[in-house]
Structures are given as C-alpha cells and as structure tokens.
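S.K.: Before I ask anything, here is the structure I am working with.
Residue numbers (our numbering): 152 to 509.
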C-alpha cells in the first residue's frame, strides 16, 4: 500500500514539475520570442509588399512574391493573436474563457491555413523558376501574370476550403467549469466525433509533406537544368563578360531557390511532426489527455513558423539587386527624408530640389 502511495505522490510531483516547466517555456515562446519575431516580420513583409507594388505586377515573379508576403502577413497577425490569448495578462484579469480552446478556434486554425498557403506558393515559385530554365523561350506564353494570379487564387481557395470540416464540427459556447465554479467560453462539438480534429491534422501534415517533396524535386531539377544550361551558354558565347554575367545570374537563381527550399524544410519539419502526432497519438489534441504537451509543442512550432514568415525580406535584399535598388530608392529619395522633414518642420531636400527645377 505504501509503495502505491509513494508512486502516486511521485507521479503527482512529476506532473506538477512538468506544468511548471511548461508554463515557463510557453511564456518565453509565446510572450517573448514568437511575439518579437512576428512584429519584425510584419514590418519586413509590409516593406516587401510596398517594394513589389512599386515595381509593378507585369512580372509573374512579383505577383507570386506579393501573394507570399500577404500570406505571411496574415500568418504573423494570427501569431500575435495566439500570443495575446496566451498572455499572462489575460490570466491576471481572470477572463471567463478557456484561452487555449478559444485561441485554437480563432487563431490556431487560421494560422495553420496561412502557413499551408505559404507552402504552396513556395511550390509554385520553385516550379516557375524550374520552367524558366527548362523552357526559356516559351515561359512568357506558358505563365503570364494573369495565369499566375488565377493559380494563386486557386491555392488560397483550396487551402481555405480544407478548414470547413473543422469549423463545421467545432464552435464556441459557454460551458460550466466545476473547478472555477463559473461558466467559461470554450470549444464545443456539433458532432460526436472526437477524432474529427485528428483528421484535420492529418490533412494538414499531408499538405505540408506533399509541398516539401515537390519543392525538393523541383529544386533538384532546377539545379541540373541550370548546370546544363550554363555549360551550353558558355560553349556558344564568345564574349567572356556576357558569359560571366549569365553564370552570375544563374548562380543567384540557384541560391534563391535553395534558400527557399531549405527555409521551408527546416522551419516546417516540426509542424509536420506535431500534426502527424495529433493524428497518430490518441489524446494529443486541444482537449485530449495530452493537451498540455500539445500546446507546449505548438509553442515551438509557432516560433519556427514566425521565423519562416519573417526572414524572406532579408534574403530578397541580399540576393536580388532589383529588390535592393527599389528599396534603397524608396527609402533614400521618397519616404524617409519627407517623413523626417515633416517631423522636424523643415522642407526635405527632394522637395527643395523639385521647387528649384520648376
């Protein structure tokens, strides 16, 4: 009897210790790291969107990258909403809600939706670059800005529709909580199918895993095509400077493609693992037996997702001379000097120059 009692006490102590560690890690991940990364990402994606709008949408690449920036912006907004639901401030005010459940339905599912959209837009961008190398003369007829816009709209619609089963089965409702002795706003099921959320997790992981495989395959094809194309061009090009410029452009294309593929694989692998566990492990869900471990795992996933959605602008600036030139022109000659001049009440040099020219 004493052995059973001591084992029970030890089990309770381990559970308490796990909850303490979980609270600390979630506070760091939600309230600090992912929040800071998301704020930086909102700024960088907004800047990228302005740059692409300034460059125009006559290029299919700009259309796809602008759509990617919009998806990342929406993803980061849901990250901030998740962080708000997990904030210790909400617990201090003792809001009558089950924060984890409300967060899952109002922010968690939309966040997963936009991360999947990001994955498939990345697939399209990689496929487009692969076609550019494989069919360099026919690419403008195969893919036009209008066709690219339709493909992007289809990607958004395809992923958003996949959320309908989840929202069909779940809704927010008031439930009596015997622990706090009051009604709390939380999730409720319209259907008596507890495994329905696991099916959504499986679809989620399949979307991710499929996009990973496609990106990897297309990247390998692109690298092989670029190498063969480079050898062919160097063989027929007599001008050394021209061939050197061609090889430099191809090298940058390889670097950009590899960067996108590696970033996608590294940052989204944890997402695949967690969502697959949600389907394979009974109780690993929002309201299941292992809900604490579920939300702890997702706090790390959220940090990786925020990173993926926030760093694209830095790679654009580093690898794209056109992006870099447009951004510098916007900052140096338009917005920043005029903004500073308005703040200090003095005319900007650009405005003075315009008046002198007139």
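For each residue, glycine too, the CB sits at the ideal point set by N, CA and C.
1) Return the chain-ordered list of same chain residues with a C-beta closer than 6 Å to the C-beta of residue 466, the five sequence neighbours on each side being excluded.
2) Just the C-alpha distance for residue 479 and residue 197, rounded to the nearest angstrom, thanks.
3) Give me the Cβ distance between residue 180 and residue 379, rounded to the nearest whole Å; I'm assuming they're in contact under 8 Å.
4) Tell me which same chain residues have a C-beta within less than 6 Å of the C-beta of residue 455, skipping the five on either side of it?
5) Exposed or buried, what is residue 223 when buried is set at 16 or more other beta-carbons lying within 10 Å of its beta-carbon?
6) From the DSSP output, read off the bridge partner residues of residue 340.
7) So, are the CB atoms of residue 359 and residue 428 less than 8 Å apart?
8) Let me make sure I understand the geometry here. Which of 316, 328, 203 has the alpha-carbon closest to that of residue 477?
9) Leaving out the 5 sequence neighbours to the left and right, which residues in its chain are closer than 8 Å to residue 302 when beta-carbon positions are compared?
10) Given that a residue counts as buried once 16 or more other Cβ atoms are within 10 Å of its Cβ, and exposed if not, what is residue 280?
11) The alpha helix (DSSP H) with residue 261 in it runs from where to where?
12) What do you reckon, are the CB atoms on residue 248 and residue 321 nearer than 8 Å?
13) Could you tell me how far apart the beta carbons of residue 370 and residue 277 are, in whole angstroms, since I believe they sit closer than 8 Å?
14) Relative to the C-alpha of residue 362, which residue among 183, 412, 290, 209 is closest?
15) Which stretch, first to last residue, makes up the alpha helix (DSSP H) that contains residue 195?
16) Excluding sequence positions up to five away, which residues of its chain have a Cβ less than 6 Å from the Cβ of residue 425?
17) Quick check on residue 175: does DSSP put it in helix, strand or coil?
18) For residue 475, collect the residues of the same chain with a Cβ closer than 6 Å to its Cβ; drop the 5 residues on either side in sequence, then sort them by chain order.
19) Between residue 265 and residue 304, is the Cβ-Cβ spacing less than 8 Å?
20) Keeping to the same chain, check which residues put their C-beta closer than 8 Å to that of residue 210; ignore five residues upstream and five downstream.
21) Please state the DSSP three-state secondary structure of residue 333.
22) So what does residue 569 bridge to, in DSSP terms?
23) So residue 461 packs on residue 192, CB below 8 Å; how close in whole Å?
24) With a threshold of 6 Å on Cβ separation, who are the neighbours of residue 186 within its own chain once the five nearest residues in sequence on each side are excluded?
25) Suppose you measure from the CA of residue 366 to the CA of residue 328; what does that come to, to the nearest Å?
26) Beta-carbon separation of residue 257 and residue 231 under 8 Å?
27) Taking DSSP as the reference, what is the three-state secondary structure of residue 248?
28) Could you please give the first and the last residue of the uninterrupted alpha helix (DSSP H) stretch that includes residue 209?
29) Could you tell me whether the Cβ atoms of residue 314 and residue 227 are closer together than 8 Å?
30) Secondary structure at residue 429, three-state DSSP: helix, strand or coil?
31) Give the secondary structure of residue 361 by DSSP, where H, G and I count as helix, E and B as strand, and everything else as coil.
32) If you run the structure through DSSP and keep just helix, strand and coil, what is residue 396?
M.R.: For this structure:
1) 410
2) 15 Å
3) Going by Cβ atoms, the distance from residue 180 to residue 379 rounds to 45 Å, so no, they are not a contact pair.
4) 418, 421
5) buried
6) 321
7) no
8) 203
9) 275
10) buried
11) 260-285
12) no
13) 6 Å
14) 412
15) 185-206
16) 448, 452
17) helix
18) 468
19) no
20) 296
21) strand
22) Look at the range of the chain in this structure, 152 to 509, and you will see that residue 569 is not part of it.
23) 3 Å
24) 234
25) 47 Å
26) no
27) strand
28) Residue 209 -> no alpha helix (DSSP H), and no H or E assigned at all.
29) no
30) helix
31) helix
32) Only weak support exists for where residue 396 lies, its pLDDT of 48 falling under 50; the coordinates are left without a value.
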